[in-house]
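Q:
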Amino acid sequence: MGTPDFIRELRASAGHQLLFLPGVSAVVLDGEDRVLLGQRADTGRWAIIGGIVEPGEQPADCAVREVYEETAVHCLPERVVLVETLSRPVVYPNGDICQFMDVCLRCRATGGEARVNDEESLNVGWFPLDDLPPLTDFALSRIARAVDGEAETAWFASQTLPENPG
Numbered sequence: 458m459g460t461p462d463f464i465r466e467l468r469a470s471a472g473h474q475l476l477f478l479p480g481v482s483a484v485v486l487d488g489e490d491r492v493l494l495g496q497r498a499d500t501g502r503w504a505i506i507g508g509i510v511e512p513g514e515q516p517a518d519c520a521v522r523e524v525y526e527e528t529a530v531h532c533l534p535e536r537v538v539l540v541e542t543l544s545r546p547v548v549y550p551n552g553d554i555c556q557f558m559d560v561c562l563r564c565r566a567t568g569g570e571a572r573v574n575d576e577e578s579l580n581v582g583w584f585p586l587d588d589l590p591p592l593t594d595f596a597l598s599r600i601a602r603a604v605d606g607e608a609e610t611a612w613f614a615s616q617t618l619p620e621n622p623g
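Position in the sequence shown counted from 1, then plus 457, gives you my numbering.
(1) Let me know if F557 comes out buried or exposed under the rule of 16 or more other beta-carbons within 10 Å of its beta-carbon.
(2) Any idea which residues DSSP pairs E535 with across the strands?
(3) Return yes when the Cβ of P516 is within less than 7 Å of the Cβ of F463, no when it is not.
(4) Use the C-beta contact count for G501: other C-beta atoms within 10 angstroms, 16 or more gives buried, fewer gives exposed.
(5) Classify S544 as helix, strand or coil using the three-state DSSP reduction.
(6) Looking only at its own chain, which residues have a Cβ that is under 8 Å from the Cβ of S578, when we skip the five neighbours before and after it?
(7) Exposed or buried, which one is L559 when buried takes at least 16 other CB atoms within 10 Å?
(8) Please classify S470: is it buried, with 16 or more other beta-carbons within 10 angstroms of its beta-carbon, or exposed?
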């Protein structure tokens, strides 16, 4: 789908200035504990599947929608892996600047056949956890947290959580 209509409308008045946006990423695993990845059309790099949450949309619904739109795979969210604001804004080739707060979800594939399903991907595929293509450190950390059998709660980035919040 590319850039959502509501972002295009914002950009018409905001120009290229920084927009803070909610994003969702999905670490999708199949029955063989392979992870679903897409090769991004904009950068050529392999990545976990993700996108921008639409106004009024729940993050889990966004993850399911983005996974299907980009890969034709149906999935079911299982748990929140992490919630983190990306440390640096992204500057796109057209000059638009965005900073994302990512809600990463572990998802289980429930059907469909992995294939390129929109213009955002050059390729999609299932990868064994011990044979991943080159990925960013952030993608690798999300995958590691998603497959960690001990991690039943979400990980939250924090620079200022008090020692005793009470």
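C-beta atoms are modelled at their ideal positions from N, C-alpha and C, and glycine is treated no differently.
A: Looking at the atomic coordinates:
(1) Sequence index remark: in the sequence shown, residue 557 carries index 100 (1-based). Residue environment for F557: buried (at least 16 other C-beta atoms within 10 angstroms of its C-beta).
(2) On the sequence shown, position 78 is the one that residue 535 refers to. In DSSP, E535 forms no bridge with anything.
(3) Within the sequence shown, numbered from 1, the residue matching residue 463 stands at position 6. Within the sequence shown, numbered from 1, the residue matching residue 516 stands at position 59. In this structure, F463 sits away from P516, with a CB-CB distance that is not shorter than 7 Å.
(4) Taking the sequence shown and counting its residues from 1, the one referred to as residue 501 is at position 44. G501 comes out exposed.
(5) On the sequence shown, position 87 is the one that residue 544 refers to. Three-state DSSP puts S544 in coil, outside helix and strand.
(6) Taking the sequence shown and counting its residues from 1, one reaches residue 578 at position 121. For S578, where only same-chain residues beyond five positions count, the Cβ hits under 8 Å are G495, Q496, R497, A498, E527, T528.
(7) What you label residue 559 is simply residue 102 of the sequence shown in a count that begins at 1. Here residue 559 turns out to be Asp, not Leu, going by the sequence shown. It is buried - the Cβ of D559 has at least 16 other Cβ atoms within 10 Å.
(8) Indexing the sequence shown from 1 puts residue 470 at position 13. With fewer than 16 Cβ atoms within 10 Å of its Cβ, S470 is classed as exposed.
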